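For reference, the structure discussed in these notes is given below.
4 protein chains.
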Amino acid sequence: MAPASADPAADPVAVTSDKISDKAPRTERGRKTRQKLLDAAASEFGERGFHEASITSITQRAGTALGSFYTYFDSKDEIYRALVDHLSSRVREAARESRRSDLEALEAERVALTNFLNFAGTHKEIYRIIDECEFVDPATFRTHYESTAQRIFERLGEGARKGEVRADIEEAHAWAIMGMNVFLGLRYAVWSQERDPAEVAEIANSILRGGLLPRP
Amino acid sequence: MAPASADPAADPVAVTSDKISDKAPRTERGRKTRQKLLDAAASEFGERGFHEASITSITQRAGTALGSFYTYFDSKDEIYRALVDHLSSRVREAARESRRSDLEALEAERVALTNFLNFAGTHKEIYRIIDECEFVDPATFRTHYESTAQRIFERLGEGARKGEVRADIEEAHAWAIMGMNVFLGLRYAVWSQERDPAEVAEIANSILRGGLLPRP
Amino acid sequence: MAPASADPAADPVAVTSDKISDKAPRTERGRKTRQKLLDAAASEFGERGFHEASITSITQRAGTALGSFYTYFDSKDEIYRALVDHLSSRVREAARESRRSDLEALEAERVALTNFLNFAGTHKEIYRIIDECEFVDPATFRTHYESTAQRIFERLGEGARKGEVRADIEEAHAWAIMGMNVFLGLRYAVWSQERDPAEVAEIANSILRGGLLPRP
Amino acid sequence: MAPASADPAADPVAVTSDKISDKAPRTERGRKTRQKLLDAAASEFGERGFHEASITSITQRAGTALGSFYTYFDSKDEIYRALVDHLSSRVREAARESRRSDLEALEAERVALTNFLNFAGTHKEIYRIIDECEFVDPATFRTHYESTAQRIFERLGEGARKGEVRADIEEAHAWAIMGMNVFLGLRYAVWSQERDPAEVAEIANSILRGGLLPRP
DNA sequence: GATGAATGAGGATTCATTCAT
DNA sequence: TATGAATGAATCCTCATTCAT
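Protein chains in written order, with this note's numbering: chain A, 29 to 244; chain B, 29 to 244; chain C, 29 to 244; chain D, 29 to 244.
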């Protein structure tokens with residue numbers, strides 16, 4: 029699953045780097061064609077997955093000639109990578125809006141998860157694309173997860189400094205939270221939306237607040 | 029990620045069903061050849077992933093002729109499915125040994141996670157294969173996750189009845205735990221083994237026991 | 029189309045020669061197995077055609093092991109040839125019964141066609157198998173047609189000597205009659221049986237008797 | 029055998045429909061390549077038959093890369109069908125030229141058969157290809173025969189109205205004529221050309237004119 | 001820049017036939 | 001004889017990528 033997507037409250041650090049190849053469009057017309065191709069690729073990869081997707085189909089969706097694809101991208105892999113970057117930043121942007129430093133630490137996690145669930149439910153293709161990254165471009169996948177965990181870890185650390193969470197926070201705690209978020213997203217946002225995101229987020233949050241032992 | 033692998037304390041309910049086609053071997057020799065193919069497929073899929081894997085390579089690893097593959101399997105997809113089934117049951121079997129009903133509920137979860145981390149670290153290919161299932165055979169993938177969550181949920185429910193965990197347990201709690209387990213496995217068993225499984229399990233378990241708030 | 033089938037009033041000259049290979053069964057049990065294979069082959073070739081037919085499927089229909097096939101036949105081609113021979117003689121046998129030298133020449137042709145239409149309607153697979161021979165074993169196909177035409181030609185010649193038909197009969201007349209018979213068989217016996225064989229035969233016969241010009 | 033080929037005096041009703049797939053060439057260059065492939069396929073299918081023919085061989089004959097085949101055709105079946113259509117119309121076109129409505133009914137049949145024999149002798153591959161259709165694409169085969177018989181039937185019917193042939197003409201008469209034509213073509217045009225087409229046609233025509241009974 | 005034809009390596013799958021038991 | 005496992009040549013088809021216009 030997408031690291032970024034697992035932490036919508038991410039900061040704009042960005043992995044994005046559209047300067048991958050020297051094929052940047054030089055005219056307005058070119059810029060539009062390139063964008064049409066990216067949009068088409070998003071649909072194609074989202075619906076059929078990386079391996080089933082074909083360049084031919086992408087150009088057909090984009091309404092361009094097959095050859096035009098290679099005017100803007102070096103390969104199927106490259107457009108995929110460009111797309112993941114692009115989508116990651118969209119996710120991050122969506123998250124950034126919901127960040128407010130005045131929130132108490134665990135409260136912030138709750139809001140972040142709620143937003144994430146909403147976003148994942150609305151953009152399932154994005155979810156799938158970034159997720160499949162694990163098998164198409166493992167390095168990117170790993171980077172994303174690690175930076176996401178890092179952000180969560182930093183937030184928790186800050187909370188610890190403020191005395192809002194336990195002082196013994198370490199990286200593993202961040203991974204545990206990220207895993208919870210991702211799986212709840214898969215189950216309650218992508219596969220079905222039978223439950224209200226806020227409720228699901230509350231369940232996860234209650235674990236963070238007090239664990240699963242019976243209340244005294 | 030593999031549902032099964034996320035719950036090594038699984039019971040033997042089994043999704044396994046090796047009777048897929050009518051190509052079951054009828055002699056001992058045949059049984060051995062089929063097994064060689066499955067073993068070879070495990071290595072091939074584990075190392076190169078489903079799409080990069082080739083039948084030719086599988087038969088070469090197995091030391092059989094190309095045609096022999098089709099004596100026992102109908103297609104690349106079929107052997108993949110057979111393999112996932114097979115591996116799932118191995119995971120489940122490995123888990124079953126570690127089940128002891130005399131354990132207190134959350135203690136059982138800790139033991140399960142420890143075993144899972146150990147298993148995942150030793151069998152990284154299995155992890156990858158079952159994980160890639162999401163994009164190769166989504167139905168199986170989903171089934172596995174759901175049945176794994178179901179088992180966790182049932183265990184928690186039993187714990188609730190015994191008064192060992194909160195009474196308001198629901199399905200979402202199981203998904204949260206499964207997500208934690210899977211991601212900790214990815215990070216601390218598959219990607220690196222820099223930390224002791226027992227320690228990692230303890231960190232996760234401490235969340236389940238008391239959450240992340242500062243201890244009073 | 030089958031030459032033989034086009035002339036059911038054939039004599040037993042026979043192309044049949046089951047001594048093709050040295051694989052003749054030596055025991056009663058062997059004879060039965062060989063026959064089961066021939067029967068199965070007739071169904072298989074009749075239903076699926078030569079190229080779609082498979083040895084595996086033939087042995088399955090016959091209820092024998094795959095390897096047993098090669099105990100009695102050298103190859104797929106050989107069993108096909110053996111089958112065509114076998115079927116040809118069946119056709120010829122069926123025809124022979126209907127031969128009566130006391131019939132007037134054109135009357136004999138009418139009876140022969142009637143019988144042929146009846147036979148073809150009842151044994152469509154035979155029709156197909158012998159017919160496909162053109163593309164599987166052209167030499168046999170050609171031989172069959174030629175010998176069939178030859179028999180018709182001889183009958184007509186005899187009729188000519190008796191003054192029952194024109195004196196200028198030549199080979200081409202026999203081919204013309206054979207063509208008529210075969211196509212009427214295809215249309216009114218194999219593809220549909222909407223018309224009574226005797227009626228169809230009468231129509232063809234009326235052409236032979238007086239042509240198509242208006243009656244004075 | 030090809031219905032069309034059995035009736036060279038066909039009208040341009042056409043079964044032809046080259047718009048089968050969306051792979052129509054969009055440039056002149058493409059049109060030429062497609063044509064080269066069709067020509068090569070005609071030779072290949074004509075010489076080796078449908079099942080022995082290979083795509084590789086077709087592209088080698090055409091002087092194109094293997095992949096180019098799939099730029100214009102979806103499969104071996106499809107090019108075969110396209111070819112049959114193409115050849116059928118060639119046959120029909122060849123026939124059309126020889127149609128003259130001022131001919132007396134049976135005279136027209138004689139001319140048609142003569143032309144057919146000439147055509148079949150010159151284009152034996154066409155004969156074989158269309159003929160093999162019975163086992164490759166039965167539906168097309170049947171359609172062709174039926175429409176050919178229909179055309180003959182209509183011509184005879186018109187002759188009947190003019191009083192040039194018997195009034196009791198029915199479909200079966202057309203099938204009988206078609207069968208005669210096809211078999212005479214096989215024997216005297218495809219297998220050998222030992223006899224003059226006009227002579228052979230005259231023999232068939234004499235049957236139509238007066239049957240086989242001795243002249244009074 | 002845009003177009004679409006050409007390329008060919010690569011991979012899955014079939015199945016007649018052989019052979020050890 | 002019967003059995004069924006093993007073999008591998010043969011073939012269709014896909015599709016990312018290149019290139020001429």
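C-beta atoms are modelled at their ideal positions from N, C-alpha and C, and glycine is treated no differently.
Quantities reported herein were computed from a predicted structural model and do not represent experimental measurements.
Residue i versus residue j - alpha carbon distance
i	j	result
Arg89 (chain A)	Tyr98 (chain C)	55 Å
Ala140 (chain B)	Thr176 (chain B)	12 Å
Glu241 (chain B)	Gly238 (chain A)	Here residue 241 (chain B) turns out to be Leu, not Glu, going by the sequence shown. The alpha-carbon atoms of Leu241 (chain B) and Gly238 (chain A) are separated by roughly 7 Å.
Phe2 (chain C)	Gly77 (chain D)	Because residue 2 (chain C) is not part of the residues shown, which for chain C are 29 to 244, the question remains open.
Glu72 (chain C)	Thr55 (chain B)	28 Å
Arg223 (chain B)	Gly149 (chain B)	11 Å
Phe144 (chain A)	Asp113 (chain A)	18 Å
Gly185 (chain B)	Arg194 (chain B)	9 Å
His201 (chain C)	Ala52 (chain C)	41 Å
Ala188 (chain C)	Arg156 (chain C)	34 Å
Gly95 (chain D)	Thr92 (chain A)	22 Å
Asp50 (chain B)	Asp50 (chain D)	39 Å
Interface residues of chain A facing residue i [CB-CB closer than 8 Å]
i	result
Pro225 (chain B)	Within 8 Å Cβ-Cβ: nothing; Pro225 (chain B) doesn't reach chain A, min ~11 Å.
Any C-beta of chain B under 7 Å from that of residue i
i	result
Ala204 (chain A)	yes
Pick from the options that is closest to residue i, judged by C-alpha positions
i	options	result
Ala21 (chain A)	A:Glu222, A:Thr55, A:Arg183, A:Thr87	Shown here, chain A extends from 29 to 244; a query on residue 21 (chain A) therefore has no answer.
Glu278 (chain B)	B:Met208, B:Leu212, B:Asn209, B:Ile180	Chain B is shown only over 29 to 244; residue 278 (chain B) falls outside these bounds and no answer can be derived.
Met206 (chain D)	D:Arg118, D:Leu236, D:Glu75, D:Ala110	D:Leu236
Arg118 (chain A)	A:Ile154, A:Ser129, A:Ser85, A:Ile231	A:Ile154
Ala81 (chain B)	B:Gly191, B:Trp203, B:Ser103	B:Ser103
Ala69 (chain D)	D:His79, D:Leu134, D:Leu111, D:Gly58	D:Leu111
Glu106 (chain B)	B:Ala229, B:Leu66, B:Glu121	B:Leu66
Lys190 (chain C)	C:Ile86, C:Ala133, C:Asp50	C:Ala133
Glu174 (chain B)	A:Leu214, A:Arg243, A:Phe101	A:Leu214
Met208 (chain A)	A:His151, A:Ser220, A:Glu230	A:Glu230
His249 (chain B)	B:Gly74, B:Thr87, B:Lys60, B:Arg59	The structure shown has nothing for residue 249 (chain B), since chain B only spans 29 to 244.
Ala226 (chain B)	B:Ser116, B:Tyr100, B:Asn146, B:Lys60	B:Asn146
Lys60 (chain A)	A:Ser85, A:Tyr100, A:Thr84, A:Ile83	A:Tyr100
Ile158 (chain A)	A:Thr142, A:Arg109, A:Arg128	A:Arg109
Ser220 (chain D)	C:Arg170, C:Asn233, C:Gln178, C:Arg243	C:Arg170
Asn233 (chain D)	D:Ala204, D:Ala217, D:Val218	D:Ala204
Thr142 (chain C)	C:Arg243, C:Val210, C:His172	C:Val210
Closer than 7 Å to chain C by CB, residue i
i	result
Glu160 (chain D)	yes
Val112 (chain D)	no
Val218 (chain D)	no
Neighbour flag for residue i against chain D, beta carbons, 7 Å
i	result
Gly185 (chain C)	no
Val139 (chain C)	no
Amino acids of chain B, ordered along the chain, whose beta-carbon sits closer than 7 Å to that of residue i
i	result
Arg215 (chain A)	Trp203
Proximal chain B residues relative to residue i, where beta-carbon distance stays under 9 Å
i	result
Leu115 (chain A)	Here the premise fails: no neighbours, minimum Cβ distance about 17 Å.
Contacts of residue i in chain C (Cβ-Cβ under 8 Å)
i	result
Ile231 (chain D)	Glu198, Ala200, His201, Ala204
Gly58 (chain D)	Correct list: empty, because the minimum Cβ distance to chain C is about 32 Å.
Leu134 (chain D)	Leu240, Leu241
Cutoff 7 Å: residue i Cβ touching any chain A Cβ
i	result
Leu212 (chain B)	yes
Pro247 (chain B)	Only positions 29 to 244 of chain B appear in this structure, which leaves residue 247 (chain B) out of reach.
Arg237 (chain B)	yes
Interface partners of residue i on chain C, CB under 7 Å
i	result
Val193 (chain D)	Leu240, Leu241, Pro242
Neighbouring residues, chain D, relative to residue i (Cβ below 7 Å)
i	result
Glu228 (chain C)	The amino acid occupying residue 228 (chain C) in the given sequence is Val; Glu does not appear at that position. Per Cβ cutoff of 7 Å: Ala200.
| request: Output, in sequence order along the chain, the residues in the segment 66–81 of chain B whose CB is closer than 7 Å to any CB in chain A. | output: Gly77, His79
| field | Interfacial residues, the segment 143–171 of chain A to chain B, with Cβ spacing under 8 Å | value | Asp159, Glu160, Glu162, Phe163, Arg170
message = What are the residues in the segment 82–110 of chain D lying within 8 Å of chain C by C-beta distance?
response = none
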